[in-house]
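Some notes on the structure that comes next.
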Amino acid sequence: MQGLVYSHLLQAVVLLLAGTLLYSLMFWRSTFLRWNRVLLWSILLASLILPFVHLPAAWTVHFWQKKEAIAAPKPNLETGGGLPEPQFFYEINPAEQVTTLQVEENLSAKQPQIPITPLLFLLYALGCFVFGIRFLIHLFSLFKLFRKAHLEQRDGYYLAFCHGELSPFAFGRTIFLSEALLQSEDLKLILAHELAHVRQRHTLDILAAELLLVWQWFNPGAWLYRRLVETNLEYLADRSVLQQQWNKKQYQLSLLNWSNANVSNSLSTSYNFSLLKERIMMMNRKPASKVYLLGYAVVLVLLPMLSVFNQPVLIANPASPLQRSEAIDQALIDPGLAQSVTISGGKLAPGLPKPTTKNVEYAVDTIVPKQDEKKFFVLVFSLKLTNEEQEKLLNLSLPWGRKLEVIRSDKGKIIGARIISPSGGSCAVWHDENYELPIVIYGEPNGCSTGTFDQDFLNKLIANQWENTIELITLGLPNDKIVLEAYRQKITDHEQKEIKERLEKLASNNWVESASSGSTTYRIPVQEKSWEYVKKKIGDFATNGKQFIVSINGQVFESILPEIDISKVKKMILYEGRKTEYIPGTLMVKRTEPANLRLEIDMD
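Its first residue numbered 1273, the sequence shown is counted upward by one per residue in the numbering used here.
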């Protein structure tokens, strides 16, 4: 197990070091800063994930190396092209033979062994502990500074004004500033810079780089990666400020005025004095050639392909002695693979060599080819469940961390269900107690949806035509196809009942249906195009004699649009209603027209 851990750690170190060096050589001067951020995250994730990716043997470099070795020409002994004769030889007395194992045992008995591996592991663990404590101290110092600061809540972020000398910096959604900045003309410039860090969530990049240092404190690539991340984040913030049409020279002077090399925190994005020269050079640099984009594409495509250099996954068929023999042979060549080799029955196949040392072990389980991973699940259950079936439903384990929550009526009967994802999203479906059809809910790794138990679904259920990637979960449904057919008439009756109720409702409303067509929401800053669109909509309604209502901070103005300062608008929502007329006796639409308009505005 230790060998496996060391192997993965070494691969991660090499990948990170090679990735950061490649970035420094090819992309450090690139002005495609967002792509640089994507590439840096890709290098980090590749170093963490790729060491654990093991492909089938036929997809790896090891397979082709072995194939070439097997295909190498062997000496032809019959035609005289055999092995060269030895120049010196002597007779060996069998009684005096000494095996390699005996020689190793004699040497180990005479020479004391130094436990190098445990000492290295202890040193590595001690370094992780020290850098972990360093990380926690920085977190605690930030928390302490936050508690002592004077806080002001703004739109989506906090300002923390601190006593004494302090270089401005941002952490999370908080911007830390010295109280001396309140009297400075540079305050707006500094806020623009730090707000770029907050809104682009640069703290995530810094925390990832710092945690990487805890894990790989001995790796020069980890320290280089931390420097590259911080530099690119500062470039991004500088560009954001300049894109807001601030004066470049004035901004660069503010960097010089408020950078403090002695007051900083490694977990923050700050006015770092050591990066000033590089940042000013980047601000004045001409846009990079689009050839760089090809380089990004090549690197991002090649990164996942590095897993072909990993040790392959050994998959053996227990029924095939030949495959078992090949797997054992590979394990004997590379003892690190011995843990992956399994033999059915716990015994070596006939004719296989016995291990010559005590370090080679053979597992006793059977290797089973990995089945296709499920990508979807379909949960189907009847509302008329027995007590035992209800217990199974309540204790049902769903994939991807999904949780099932049943919905009950006032009488305590199950009338539906809700699927809840770990992120908090949910999908729910429920009916009244007299609903006779089963409930259908679909789930996948990224979401869920509700379905309808209709004729097409019933046909698939009877024929059992489900893809290998779908996991079907049923409760309270008959297994007999003939009994399942009874649902066909229930589906037809249910559809006819829904149509009848809809027609009765339309008939009672003179075959006219009014509904809202949704809403369009505009938030800060309200674009001129958005405002022009809203005014045009209101003008159309006024011209056609339709009703519209304007509500500003709860005060209602009917059929009039007062003068509005767009810069003070916090949120603007436009509701547009419609009126649909149906052909009497049918569900066919005769015409649809706008019915009303409502504009709700929140102002400062």
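Don't be surprised by glycine CBs; every beta carbon is placed ideally from N, CA and C.
Residue interval of the alpha helix (DSSP H) (run including K1761):
According to the sequence as given, residue 1761 is Gln; it is not Lys. Taken as a continuous stretch (DSSP letters only), the alpha helix (DSSP H) holding Q1761 covers A1758 to S1780.
Under the DSSP definition of a beta bridge, which residues are partnered with S1721?
Y1714
Beta-carbon separation (whole angstroms), E1865 vs W1783, contact threshold 8 Å:
So it is not a contact: roughly 14 Å between Cβ atoms.
What does the Cβ neighbour count give for F1412, buried or exposed, with the cut at 16 atoms within 10 Å?
exposed
Based on DSSP bridge pairs, tell me the residues matched to Q1919.
Residue numbering for the chain in the displayed model covers 1273 to 1876; residue 1919 lies beyond these limits and cannot be assessed.
Between which two residues does the alpha helix (DSSP H) holding E1482 run?
H1474 to W1487
Rounded to a whole number of angstroms, what is the C-alpha to C-alpha distance between T1303 and D1477?
19 Å
S1786 in three-state terms, based on DSSP
strand
DSSP three-state call for P1694: helix, strand or coil?
coil
Hey, G1567 and M1298 are a contact pair by Cβ (cut 8 Å); roughly how many whole angstroms apart?
6 Å
If you draw a straight line from the C-alpha of W1487 to the C-alpha of S1721, how long is it?
40 Å
Quick one: grab the DSSP three-state call for I1679.
strand
For Q1827, which three-state DSSP category applies?
strand
State the start and end residues of the unbroken beta strand (DSSP E) segment that holds F1412.
No beta strand (DSSP E) holds F1412; the alpha helix (DSSP H) holding it covers I1388 to K1420.
I need the straight-line Cα distance from A1432 to H1410, nearest angstrom please.
17 Å
Taking contact to mean 3 or more Cβ pairs, one atom from each stretch, closer than 8 Å, check whether the segment 1728-1748 and the segment 1694-1704 are in contact.
no
Can you list, in chain order, the residues of its chain with a C-beta nearer than 7 Å to that of S1314? Leave out the 5 residues immediately preceding and following it.
L1572 and L1575
How many Å lie between I1855 and F1813 at the Cα?
26 Å
Using the Cα positions of S1439 and F1418, report the straight-line distance between them to the nearest angstrom.
15 Å
Could you check if F1649 is buried or exposed, using at least 16 other CB atoms within 10 Å of its CB as the buried criterion?
buried
Let me check understanding here. Comparing Cα to Cα, which of V1822, S1654 and D1765 lies closest to Y1847?
V1822
Is the distance from the Cβ of W1489 to the Cβ of G1399 below 8 Å?
yes
From which residue to which residue does the beta strand (DSSP E) around S1450 run?
T1446 to S1450
For A1452 and K1840, what's the separation of their Cα atoms in angstroms?
29 Å
Quick one: using the 10 Å Cβ neighbour count with 16 as the cut-off for buried, is A1421 buried or exposed?
buried
Pull up the DSSP beta-bridge partners for D1874, would you.
K1843
Euclidean distance between Cα positions of Q1819 and R1850
12 Å
N1504, buried or exposed, once every other Cβ within 10 Å from all chains shown has been counted against 16:
buried
Under the rule that 16 or more other beta-carbon atoms within 10 Å means buried, what is M1554, buried or exposed?
buried
E1773 to S1780, Cα distance in whole Å?
11 Å
How long is the line joining the alpha carbons of I1679 and A1700, rounded to whole angstroms?
9 Å
Take Y1430 and list the residues in its own chain whose beta-carbon comes closer than 8 Å to its own, dropping the five residues that flank it on each side.
L1423, E1424, R1445, T1446 and I1447
With 16 as the cutoff for other CB atoms within 10 Å, does A1344 come out buried or exposed?
Caution applies to A1344, whose pLDDT of 49 falls short of 50 and renders its modelled position unreliable; the model cannot decide the point.
Once the 5 residues before and after G1688 are set aside, which same chain residues still bring their CB inside 7 Å of it?
I1679, A1700, V1701, W1702, H1703 and I1711
Could you please give the first and the last residue of the uninterrupted beta strand (DSSP E) stretch that includes V1650?
F1648 to F1653
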